[in-house]
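Undergrad: Take this structure first; my questions come after.
There are 4 protein chains.
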Amino acid sequence: MTITQSAGEDFPPMPAWEIAQWFNTPHALQVEDLRGKVVMLHTFQMLCPACVLHAIPQAQRVRKAFPLAEVAVVGLHTVFEHHEAMRPQALDAFIHEFRLAFPVGVDKPADTGPLPRTMSRLNLQGTPSILLLDRQGRIRLQHFGKIDDLELGALLGRLMAQA
Amino acid sequence: MTITQSAGEDFPPMPAWEIAQWFNTPHALQVEDLRGKVVMLHTFQMLCPACVLHAIPQAQRVRKAFPLAEVAVVGLHTVFEHHEAMRPQALDAFIHEFRLAFPVGVDKPADTGPLPRTMSRLNLQGTPSILLLDRQGRIRLQHFGKIDDLELGALLGRLMAQA
Amino acid sequence: MTITQSAGEDFPPMPAWEIAQWFNTPHALQVEDLRGKVVMLHTFQMLCPACVLHAIPQAQRVRKAFPLAEVAVVGLHTVFEHHEAMRPQALDAFIHEFRLAFPVGVDKPADTGPLPRTMSRLNLQGTPSILLLDRQGRIRLQHFGKIDDLELGALLGRLMAQA
Amino acid sequence: MTITQSAGEDFPPMPAWEIAQWFNTPHALQVEDLRGKVVMLHTFQMLCPACVLHAIPQAQRVRKAFPLAEVAVVGLHTVFEHHEAMRPQALDAFIHEFRLAFPVGVDKPADTGPLPRTMSRLNLQGTPSILLLDRQGRIRLQHFGKIDDLELGALLGRLMAQA
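Protein chains in written order, with the working numbering: chain A, 268 to 430; chain B, 268 to 430; chain C, 268 to 430; chain D, 268 to 430.
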């Protein structure tokens with residue numbers, strides 16, 4: 268749960284995400300566009316109970332607690348099951364009803380297999396998962412499942428304190 | 268919020284519901300099948316935040332707290348908006364993921380207009396709404412929005428105490 | 268957790284309580300004064316965490332949810348440990364700060380031993396404990412520890428429904 | 268709620284506290300003993316509802332979430348009302364029952380007036396109040412009332428990141 272600390276500061280760079288469609292943003296976002304900010308990548312599925320009951324409200328709280336210029340919250344809809352029930356049109360209704368206040372990208376389906384492309388590339392274990400990127404776009408936390416507000420806040424605070 | 272009390276005990280009978288499809292029950296349920304039990308009819312939409320965050324967990328708690336022979340919990344999926352996103356196939360995934368432990372019927376769409384048939388017939392104001400039926404199948408509470416566990420429990424207890 | 272049901276309706280009558288001092292009531296209360304109402308006897312200690320964090324807020328909710336004419340909530344301060352720290356003067360400050368909105372009686376210390384008199388008489392196992400009395404003053408529930416709002420509400424509703 | 272930022276980094280140093288009695292520590296603590304650690308000074312009264320229901324559980328979570336070598340949590344019992352009910356003997360029972368897992372000092376009563384000495388010196392507005400000190404022992408946050416875990420975590424994280 269703690270930020271990976273390596274001697275040589277060899278944190279892996281966040282690879283590009285592959286997005287089929289964006290919501291809540293006037294134009295497509297690239298990882299590089301967020302350089303200079305701390306980034307919380309919140310990966311979820313709209314029909315995943317732990318996402319809806321815990322991780323999405325937490326992502327909303329993070330969006331509200333920190334200035335846009337300091338922390339970017341980006342949702343990534345990584346559908347790997349019940350694909351028919353979680354198409355972009357349904358996600359649009361979900362985002363509207365739950366009043367999500369941050370950009371959400373739809374992880375691009377793969378040519379074969381249920382896992383979407385960014386999810387595979389990042390080797391995510393399921394939803395919800397959180398990735399935290401430092402201001403240089405390096406992955407400093409990758410966590411599957413719940414994380415407490417206190418710990419998440421401390422990780423964000425640490426990263427905000429770094430140039 | 269209190270149970271309607273009329274001098275002559277003139278409580279309206281629950282009208283028949285019109286169901287397009289059932290989940291979590293081996294055969295279609297009729298209102299009359301539940302005669303003799305207290306019934307909690309929990310009307311919801313799978314993409315309604317107050318339903319997902321409050322009313323559905325409460326319906327699950329009611330299911331768990333009281334014996335099947337005493338209290339029947341029946342879900343009614345009354346889709347009146349975002350129809351494309353809440354089709355029965357999506358509801359099926361939702362029921363599975365949220366592990367709903369009670370029968371759920373899909374309120375039958377009307378020939379015209381967004382409101383489904385049972386919702387119109389009952390003149391429901393939105394979701395979530397709760398209806399409580401006494402052992403004679405009469406409507407003793409119809410409530411739109413949240414209701415506390417303590418008050419809901421007291422209403423159920425009162426109805427359970429009546430022959 | 269369910270109300271005791273005996274064939275011959277042989278529910279034990281609530282014995283008299285022995286109170287050293289009352290708070291939040293202009294005159295001493297006797298069990299008989301409450302005949303005709305459903306009574307929730309909430310036994311607690313002001314320095315018991317499960318009382319402060321769970322049972323006292325619940326007792327306050329019960330007081331607020333039901334009319335005074337139907338449900339009486341009575342607190343009983345059953346000090347059986349840390350006697351020096353929970354004297355009536357400290358309880359007075361506690362009642363004031365936590366804004367308890369129901370009468371509270373101090374269970375009378377015994378001549379010998381740490382257990383106060385009413386606690387011994389009722390054979391209570393600890394705090395918090397709840398007793399529910401029906402309108403005839405008979406004990407219908409005696410429960411040590413937490414109880415959910417839904418179950419407590421149902422028990423109160425059942426008892427309110429009885430003449 | 269945000270950490271004070273001054274151009275010249277002129278953060279006030281934490282003054283010495285005056286403690287009548289310590290609990291949960293084998294020897295008296297001085298502010299200087301904690302130099303090098305981030306310090307959360309949690310000021311409370313054992314009969315203050317917002318302390319008991321919110322701030323004390325939060326202080327316990329902070330103690331649990333971060334290593335002792337990084338974050339020191341110190342309780343300060345600043346009794347300014349109901350003095351008779353919150354004497355050290357009562358506090359001892361409280362600490363035991365609520366299983367407080369950090370050192371707690373009793374703020375020394377003043378010669379005159381209800382406010383204890385450290386409380387006056389720090390000009391605290393009431394309880395609960397939180398002070399955060401950086402590794403140099405400078406006051407970086409002084410906050411009266413509730414603060415969310417996410418914000419508190421971020422402040423602690425920022426301070427932990429600083430040498």
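Even glycine gets a Cβ: it sits at the ideal position worked out from N, Cα and C.
(1) Report the residues of the segment 388 to 415 of chain A with a CB closer than 8 Å to any CB of chain B, ordered along the chain.
(2) Tell me whether Arg-425 of chain C is buried or exposed, calling it buried when 16 or more other Cβ atoms sit within 10 Å of its Cβ.
(3) By a C-beta neighbour count over all protein chains shown, 10 Å radius and 16 as the cutoff for buried, is Met-268 of chain A buried or exposed?
(4) Is it the case that the Cβ atoms of Leu-399 of chain D and Leu-422 of chain D are separated by a distance below 8 Å?
(5) Would Met-307 of chain A pass as an interface residue toward chain D - the criterion being a Cβ-Cβ separation below 8 Å?
(6) Is it the case that the CB of Met-427 of chain B approaches a heavy atom of the ligand MG more closely than 7 Å?
(7) Find the nearest neighbour of Ala-428 of chain B within the set B:Phe-365, B:Val-305, B:Phe-369, judged by alpha-carbon distance.
(8) Ignoring anything shorter than 3 residues, give me the beta strand (DSSP E) runs that lie fully in the segment 327 to 384 of chain C, in order along the chain.
(9) Are there 16 or more other CB atoms within 10 angstroms of the CB of Leu-343 of chain C, so buried, or fewer, so exposed?
(10) Taking the alpha-carbon positions, what's the Ser-273 of chain C to Arg-407 of chain C distance?
(11) My output table needs one value for Ala-322 of chain A: the three-state DSSP class, helix, strand or coil.
(12) Between Thr-345 of chain C and Ile-362 of chain C, what straight-line distance do the alpha-carbon atoms span, to the nearest angstrom?
(13) In whole angstroms, give me the CA-to-CA distance for Gln-403 of chain A and Leu-389 of chain A.
(14) Rounding to the nearest angstrom, what Cα-Cα distance links Pro-334 of chain D and Gln-325 of chain D in this structure?
(15) Do you know how far the Cα of Phe-278 of chain C is from the Cα of Ile-270 of chain C?
(16) Could you check the C-alpha separation between Glu-285 of chain D and Lys-331 of chain D for me, to the nearest Å?
(17) Under 8 Å, do Thr-310 of chain D and Ser-387 of chain D count as touching if we go by C-beta distance?
(18) What residues are listed by DSSP as bridge partners for Leu-399 of chain A?
(19) Assuming Ala-287 of chain C is part of the beta strand (DSSP E), what are its boundary residues?
(20) In terms of alpha-carbon separation, which member of B:Asp-359, B:Leu-358, B:Ala-360, B:Met-353 lies closest to Glu-357 of chain A?
(21) Express the C-alpha separation of His-349 of chain C and Thr-385 of chain D in angstroms, rounding to a whole number.
(22) Please list, in chain order, the chain B residues whose beta carbon lies closer than 7 Å to that of Ala-328 of chain C.
(23) Are the Cβ atoms of Ala-287 of chain B and Pro-376 of chain B separated by less than 8 Å?
(24) Going by other Cβ atoms of all chains shown within 10 Å of its Cβ, with 16 needed for buried, is Phe-411 of chain A buried or exposed?
(25) Could you tell me the distance, in whole angstroms, from the CA atom of Ala-430 of chain A to the CA atom of Phe-290 of chain D?
(26) Report the three-state DSSP secondary structure of Phe-293 of chain B (helix, strand or coil).
(27) Do Pro-370 of chain A and Val-329 of chain A have their C-beta atoms closer together than 8 Å?
(28) Suppose the cutoff is 8 Å on Cβ atoms and the five residues either side in sequence are ignored; what does the same chain contact list for Asp-300 of chain D look like?
(29) How big is the Cα-Cα spacing for Asp-401 of chain C and Gly-303 of chain C?
(30) Write down the C-beta distance between Leu-314 of chain B and Ala-360 of chain A rounded to the nearest angstrom, noting that I regard them as a contact closer than 8 Å.
(31) Starting from Gly-393 of chain D, trace the alpha helix (DSSP H) in both directions and tell me its first and last residue.
(32) Quick one, are the C-beta atoms of Leu-296 of chain A and Gly-372 of chain A less than 8 Å apart?
(33) Using the Cα positions of Met-355 of chain D and Gln-312 of chain D, report the straight-line distance between them to the nearest angstrom.
(34) Using three-state DSSP, classify Thr-271 of chain A as helix, strand or coil.
(35) DSSP has Pro-280 of chain A in a bridge; who is on the other side?
TA: Taking the structure as given:
(1) Taking 8 Å as the Cβ-Cβ cut-off against chain B, none of the residues of the segment 388 to 415 of chain A qualify.
(2) Here the question's residue 425 of chain C lines up with position 158 in the third sequence. Buried, since its Cβ has 16 or more Cβ neighbours within 10 Å.
(3) In the first sequence, counting from the first residue as 1, residue 268 of chain A sits at position 1. For Met-268 of chain A, the predicted model reports a pLDDT of 42, less than 50, meaning its position is unreliable; a value from the coordinates is still stated below. Met-268 of chain A is exposed by the Cβ-count criterion.
(4) Within the fourth sequence, numbered from 1, the residue matching residue 399 of chain D stands at position 132. Within the fourth sequence, numbered from 1, the residue matching residue 422 of chain D stands at position 155. In contact: Leu-399 of chain D and Leu-422 of chain D (Cβ atoms closer than 8 Å).
(5) The count along the first sequence starts at 1 and reaches residue 307 of chain A at position 40. It does not; no Cβ of chain D falls within 8 Å.
(6) Here there are no bound small molecules, and the ligand MG is not part of this structure.
(7) Walking along the second sequence from the start, residue 428 of chain B turns up at place 161. When only C-alpha atoms are compared, the closest one is B:Val-305.
(8) The qualifying runs are 338 to 344, 371 to 374.
(9) Taking the first residue of the third sequence as 1, we reach residue 343 of chain C at position 76. By the 10 Å Cβ count, Leu-343 of chain C comes out buried.
(10) As a first step, residue 273 of chain C is located in the third sequence; it is residue number 6 there, counting from the start. As a first step, residue 407 of chain C is located in the third sequence; it is residue number 140 there, counting from the start. Low confidence applies to Ser-273 of chain C: its pLDDT is 49, below 50, so where it sits in the model is not reliable, and the reading given next is rough at best. Cα to Cα, the separation comes out at about 10 Å.
(11) Position 55 of the first sequence, counted from the start, is the residue given in the question as residue 322 of chain A. When secondary structure is reduced to three states using DSSP, Ala-322 of chain A falls in the helix class.
(12) Here residue 345 of chain C refers to the residue found at position 78 of the third sequence. Here residue 362 of chain C refers to the residue found at position 95 of the third sequence. Between Thr-345 of chain C and Ile-362 of chain C, the C-alpha separation is close to 14 Å.
(13) Position 136 of the first sequence holds residue 403 of chain A. Position 122 of the first sequence holds residue 389 of chain A. When rounded, the distance between both Cα atoms is 18 Å.
(14) Taking the first residue of the fourth sequence as 1, we reach residue 334 of chain D at position 67. Taking the first residue of the fourth sequence as 1, we reach residue 325 of chain D at position 58. Note on geometry: alpha-carbon atoms of Pro-334 of chain D and Gln-325 of chain D lie some 16 Å from one another.
(15) The count along the third sequence starts at 1 and reaches residue 270 of chain C at position 3. The count along the third sequence starts at 1 and reaches residue 278 of chain C at position 11. Reliability of the predicted coordinates at Ile-270 of chain C is poor, the pLDDT of 47 falling under 50, and no value is obtained from them.
(16) Along the fourth sequence, read from residue 1 onward, the residue named residue 285 of chain D stands at position 18. Along the fourth sequence, read from residue 1 onward, the residue named residue 331 of chain D stands at position 64. If I take the Cα positions, the gap works out to 26 Å.
(17) Residue numbering aside, residue 310 of chain D sits at position 43 when the fourth sequence is read from its first letter. Residue numbering aside, residue 387 of chain D sits at position 120 when the fourth sequence is read from its first letter. No, they are not a contact pair.
(18) Sequence index remark: in the first sequence, residue 399 of chain A carries index 132 (1-based). Residue pairing of Leu-399 of chain A in beta bridges, as defined by DSSP: A:Met-307, A:Leu-408.
(19) For this step, residue 287 of chain C is matched to residue 20 along the third sequence. For Ala-287 of chain C, the enclosing beta strand (DSSP E) has its first and last residue at 286 to 290.
(20) Within the first sequence, numbered from 1, the residue matching residue 357 of chain A stands at position 90. One detail in the question is off: residue 357 of chain A reads as Ala in this sequence, not Glu. That would be B:Met-353, whose Cα lies nearest to the Cα of Ala-357 of chain A.
(21) Here residue 385 of chain D is taken as the residue at index 118 of the fourth sequence, counted from 1. Here residue 349 of chain C is taken as the residue at index 82 of the third sequence, counted from 1. The straight-line gap from Cα to Cα measures roughly 28 Å.
(22) Against the third sequence, residue 328 of chain C aligns to sequence position 61. As written in the sequence, residue 328 of chain C is Arg, which differs from the Ala given in the question. When 7 Å is used as the limit between beta carbons, Arg-328 of chain C is near these residues of chain B: Leu-417, in chain order.
(23) Stepping through the second sequence from its first residue, residue 287 of chain B is reached at position 20. Stepping through the second sequence from its first residue, residue 376 of chain B is reached at position 109. Contact flag set, yes.
(24) Translated into positions along the first sequence, residue 411 of chain A becomes position 144. It counts as exposed.
(25) Along the first sequence, read from residue 1 onward, the residue named residue 430 of chain A stands at position 163. Along the fourth sequence, read from residue 1 onward, the residue named residue 290 of chain D stands at position 23. If you take the alpha carbons of Ala-430 of chain A and Phe-290 of chain D, they lie about 40 Å apart.
(26) Position 26 of the second sequence holds residue 293 of chain B. The question names Phe, yet the displayed sequence has Pro at residue 293 of chain B. Note: Pro-293 of chain B maps to coil in three-state DSSP.
(27) The count along the first sequence starts at 1 and reaches residue 370 of chain A at position 103. The count along the first sequence starts at 1 and reaches residue 329 of chain A at position 62. The answer is no: Cβ separation not under 8 Å.
(28) As a working mapping, residue 300 of chain D is identified with position 33 in the fourth sequence. Cβ neighbours of Asp-300 of chain D beyond the five flanking positions: none.
(29) Within the third sequence, residue 401 of chain C is the residue found at index 134, counting from 1. Within the third sequence, residue 303 of chain C is the residue found at index 36, counting from 1. For Asp-401 of chain C and Gly-303 of chain C, the distance between alpha carbons rounds to 8 Å.
(30) Here residue 314 of chain B corresponds to residue number 47 of the second sequence, with the count starting at 1. Here residue 360 of chain A corresponds to residue number 93 of the first sequence, with the count starting at 1. Leu-314 of chain B to Ala-360 of chain A, Cβ: 6 Å. Contact.
(31) Sequence index remark: in the fourth sequence, residue 393 of chain D carries index 126 (1-based). Premise fails: Gly-393 of chain D is in no alpha helix (DSSP H) and is neither H nor E.
(32) Numbered from 1 along the first sequence, position 29 holds the residue referred to as residue 296 of chain A. Numbered from 1 along the first sequence, position 105 holds the residue referred to as residue 372 of chain A. Cβ atoms of Leu-296 of chain A and Gly-372 of chain A: closer than 8 Å.
(33) Within the fourth sequence, residue 355 of chain D is the residue found at index 88, counting from 1. Within the fourth sequence, residue 312 of chain D is the residue found at index 45, counting from 1. Looking at the sequence shown, residue 355 of chain D is not Met but Pro. Pro-355 of chain D and Gln-312 of chain D: Cα-Cα distance of roughly 11 Å.
(34) Residue 271 of chain A sits at position 4 when you count from the first residue of the first sequence. Any reading at Thr-271 of chain A is ruled out, since the residue's pLDDT is 48, under 50, leaving its predicted position unreliable.
(35) On the first sequence, residue 280 of chain A is found 13 positions in, with the first residue counted as 1. In DSSP, Pro-280 of chain A forms a bridge with A:Arg-405.
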